[in-house]
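*Asks:*
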Ligand SMILES: Cc1ncc(C[n+]2csc(CCOP(=O)(O)OP(=O)(O)O)c2C)c(N)n1
Ligand SMILES: [Mg+2]
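Residue numbers (this note's numbering), protein chains in the order written: chain A, 365 to 689; chain B, 52 to 379.
Spelled out as structure tokens, the structure:
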């Protein structure tokens, strides 16, 4: 028997989770369109299908907590509070972008939101997350660091080095592995001797759980519990969120290595309609209200595209700026 | 002024800066309880306690990543890689992260951190422990690089490195740790980045060097003086920023230059320096610029052949003679 949603969060907060997932989805689908039109170039990795992880987790974190992620991070940044238009402008490579057009899709960063970056070297963000957690601990700040990474990152040296270090120095870090079963075209059982990622942490004495990453409420609850544990013990915790990306690894990937049947199974678990059904069933929103939310998100994203299109390119002088202090 | 070793000068710089800035922390393999494999961190644990000086696992890449995160979070980490050779395990965090973060995030953050790395050859430590990797770092924008030749610069440059808000790779030569020199006592004494020193004035040939190569260049200049050859020796002190102006002005004056580097010749930094001189001083040069560099071989262990692989006073002396002989 599932807990009633109202027992978990307020009506407003519950609807907001839907709104954030809808905004993320709209944003990513608009990115795909802008990529096809040639407005977004370079690498573009979309988050469609995985929204429940970013949205549920962010809702369970404090504003002061640091968040770091990999290169599939548009939604992470937007859900944290980054303005969609500045994220879109960054993807367009415009001067008004979140990082002035220097980072692009894979390197969003907003220190005022404690969003401490998207990193494109697989596993590269784990040591940096530990360093941020160490600084917070040293400065006696009441904040933890949440570090997101994919199933591909768990075979990097940095994963093992960071888990060991976080436990050894008792750093307040929450590690979240978004297991979408693929690192580009390689399925997890073809790259990991122990594909059940969360079991790996016993070697570092870090408590770990598995959670349904297609269910925003499950993610919220699991992260909230883990975050409380981190705050209470001052030690790291680990979560494996089981999820799926609906698109290829990047826009360049037609995802031929996955069967249509597999895709259909996961499509049926799409976090948006499933959560919408729960909201409706428990009388938290009407169909019209949810439709209005989707419309609103669509409008925000359209505005973002218009803003990005109208924005200026970085000037030539920008090439030499912001490298040294 | 006090006379002290390069090692003690570094130690003093660390202590003074730790006293000055409570946000400064030091960590690395065996730096605390064991006091560093070259004893540069001697006494720090006793003075500052285990909150501020910490031993780490043997995880070089994460040592750098930890420092990057700590710097981003408001600390001023000064970390030690046991030797520069192990920096190769940390190149991902050094090059892909530390050197990129400020730029790729649009200048929204900065990394006030120092990575100390003892290195260089000549101690018969064989191929894996004798490398000079300064060209590797110099090739990459986004970080500063200091490499002191004297105890005074060891102190002054390290203090400047610590106060700098850019990430700094701070190279230390293992064979210089016991070298002695006068060091200013003033805790506000800082050696500037990007300003080379004319450590010996001369008229006939410019010798451009850094770190231990400066020491050898000065000895070579002393020998050559006996033959009536007057050398001007330039110590670069920092490789990034690079003070090209000073050595270019000197080469223009003398009309001849020898560039000395400890690293391998192929694609080594000396090629870059020599090219800058050729380009800027073409019409005042009396001979092509000569390079003295490490031999392009993995360092052998045996003393008698190891010494052939590293620039020596004799190789610098003969390079200077060659340049003079080749002069128009
Ligand atoms: C160190 C490194 N090696 C290889 C790559 C190329 N690469 C980019 S993404 C990726 C797969 C990562 O998969 P995962 O961590 O599961 O993240 P996901 O794409 O599924 O979100 C690889 C191999 C890289 N960026 N960095
Ligand atoms: Mg994956």
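Built from N, CA and C at the ideal position, the CB exists for glycine as well. On a predicted model such as this, the values are computed, not experimentally measured, just so you know.
Can you tell me which of the three DSSP states residue 602 (chain A) falls into?
*Replies:* strand
*Asks:* List the residues of chain B whose Cβ lies closer than 7 Å to the Cβ of residue 467 (chain A), in chain order.
*Replies:* 155, 156 and 157
*Asks:* Check the Cβ of residue 685 (chain A) against every Cβ in chain B and list those closer than 8 Å, keeping chain order.
*Replies:* What residue 685 (chain A) touches in chain B: 158.
*Asks:* Near residue 148 (chain B), which residues of its chain fall below 7 Å by C-beta distance, leaving aside the five closest residues on each side in sequence?
*Replies:* Beyond the five residues adjoining it in sequence on each side, residue 148 (chain B) comes within less than 7 Å, by CB distance, of 116 and 119 in the same chain, given in chain order.
*Asks:* Tell me which residue opens and which closes the alpha helix (DSSP H) that residue 589 (chain A) is part of.
*Replies:* Secondary structure note for residue 589 (chain A): its alpha helix (DSSP H) is the uninterrupted segment 580-597.
*Asks:* Going along the chain, which unbroken runs of the beta strand (DSSP E) with 3 or more residues stay wholly within the stretch 204-280 of chain B?
*Replies:* 219-224, 231-234, 248-251 and 256-260
*Asks:* Which residues does DSSP list as the beta-bridge partners of residue 513 (chain A)?
*Replies:* A:541
*Asks:* At least one CB of chain A closer than 8 Å to the CB of residue 81 (chain B): is that the case?
*Replies:* no
*Asks:* Please list, in chain order, the chain B residues whose beta carbon lies closer than 9 Å to that of residue 381 (chain A).
*Replies:* Simply none; closest approach about 28 Å.
*Asks:* Do residue 471 (chain A) and residue 155 (chain B) have their beta-carbon atoms positioned less than 8 Å apart in this structure?
*Replies:* yes
*Asks:* So is residue 669 (chain A) buried or exposed if we call it buried at 16+ other beta carbons inside 10 Å?
*Replies:* buried
*Asks:* Identify whether residue 344 (chain B) lies in helix, strand or coil by the three-state DSSP scheme.
*Replies:* strand
*Asks:* What is the DSSP secondary structure of residue 105 (chain B), counted as helix, strand or coil?
*Replies:* strand
*Asks:* Sorry if obvious, but does the Cβ on residue 484 (chain A) come closer than 7 Å to a heavy atom of ligand 1?
*Replies:* yes
*Asks:* Give me the chain B residues within the contact set of residue 689 (chain A), using Cβ-Cβ distance strictly less than 7 Å, ordered along the chain.
*Replies:* Chain B residues near residue 689 (chain A): 161, 216 and 217.
*Asks:* Quick one: what does DSSP say residue 112 (chain B) is sitting in, helix, strand or coil?
*Replies:* Here residue 112 (chain B) sits in helix by DSSP.
*Asks:* Is the closest heavy atom of ligand 1 to the C-beta of residue 548 (chain A) under 7 Å?
*Replies:* yes
*Asks:* Is it the case that the Cβ atoms of residue 489 (chain A) and residue 511 (chain A) are separated by a distance below 8 Å?
*Replies:* yes
*Asks:* For residue 179 (chain B), which residues in the same chain have their Cβ closer than 8 Å to its Cβ, ignoring the five residues on either side in sequence?
*Replies:* 136
*Asks:* What does residue 127 (chain B) pair with, by DSSP beta-bridge criteria?
*Replies:* B:75
*Asks:* Give me the Cα-Cα distance between residue 497 (chain A) and residue 507 (chain A), rounded to the nearest whole angstrom.
*Replies:* Straight-line spacing of the CA atoms in residue 497 (chain A) and residue 507 (chain A) works out to 8 Å.
*Asks:* For residue 360 (chain B), I'd like the list of residues in its chain whose CB is within less than 8 Å of its CB, leaving aside the five on either flank, ordered along the chain.
*Replies:* Hits under 8 Å: 172, 345, 346, 348, 350 and 351.
*Asks:* So, helix, strand or coil for residue 332 (chain B), using DSSP?
*Replies:* Residue 332 (chain B): helix per DSSP, three-state reduction.
*Asks:* In chain B, which residues lie with their C-beta within 8 Å of the C-beta of residue 464 (chain A)?
*Replies:* The contacting residues are 157 and 158.
*Asks:* Between residue 544 (chain A) and ligand 2, is there a pair consisting of the residue's CB and a ligand heavy atom that are separated by less than 7 Å?
*Replies:* yes
*Asks:* Would you say the beta carbon of residue 514 (chain A) comes nearer than 7 Å to a heavy atom of ligand 2?
*Replies:* yes
*Asks:* What first and last residue would you give for the alpha helix (DSSP H) that runs through residue 473 (chain A)?
*Replies:* First-last for residue 473 (chain A): undefined, no H or E at that position.
*Asks:* If we call anything under 8 Å between Cβ atoms a contact, is residue 518 (chain A) one with residue 583 (chain A)?
*Replies:* no
*Asks:* Quick one: is residue 521 (chain A) near chain B, going by C-beta distance under 8 Å?
*Replies:* Yes, residue 521 (chain A) lies at the interface with chain B (some Cβ there is under 8 Å from its Cβ).
*Asks:* Rounded to whole angstroms, what's the CA-CA distance from residue 404 (chain A) to residue 396 (chain A)? Just pull it up for me.
*Replies:* For residue 404 (chain A) and residue 396 (chain A), the distance between alpha carbons rounds to 8 Å.
*Asks:* Does the distance between the C-beta of residue 148 (chain B) and the nearest non-hydrogen atom of ligand 1 fall short of 7 Å?
*Replies:* no
*Asks:* Residues of chain B with a CB under 8 Å from the CB of residue 528 (chain A): which are they?
*Replies:* 108 and 110
*Asks:* Decide if residue 163 (chain B) is buried, meaning its Cβ has at least 16 other Cβ atoms within 10 Å, or exposed.
*Replies:* buried
*Asks:* Which of helix, strand or coil does DSSP assign to residue 283 (chain B)?
*Replies:* It is a strand residue.
*Asks:* Leaving out five residues on either side along the sequence, give the residues of the same chain with a beta carbon under 6 Å from the beta carbon of residue 630 (chain A).
*Replies:* 608
*Asks:* If you draw a straight line from the C-alpha of residue 341 (chain B) to the C-alpha of residue 320 (chain B), how long is it?
*Replies:* When rounded, the distance between both Cα atoms is 13 Å.
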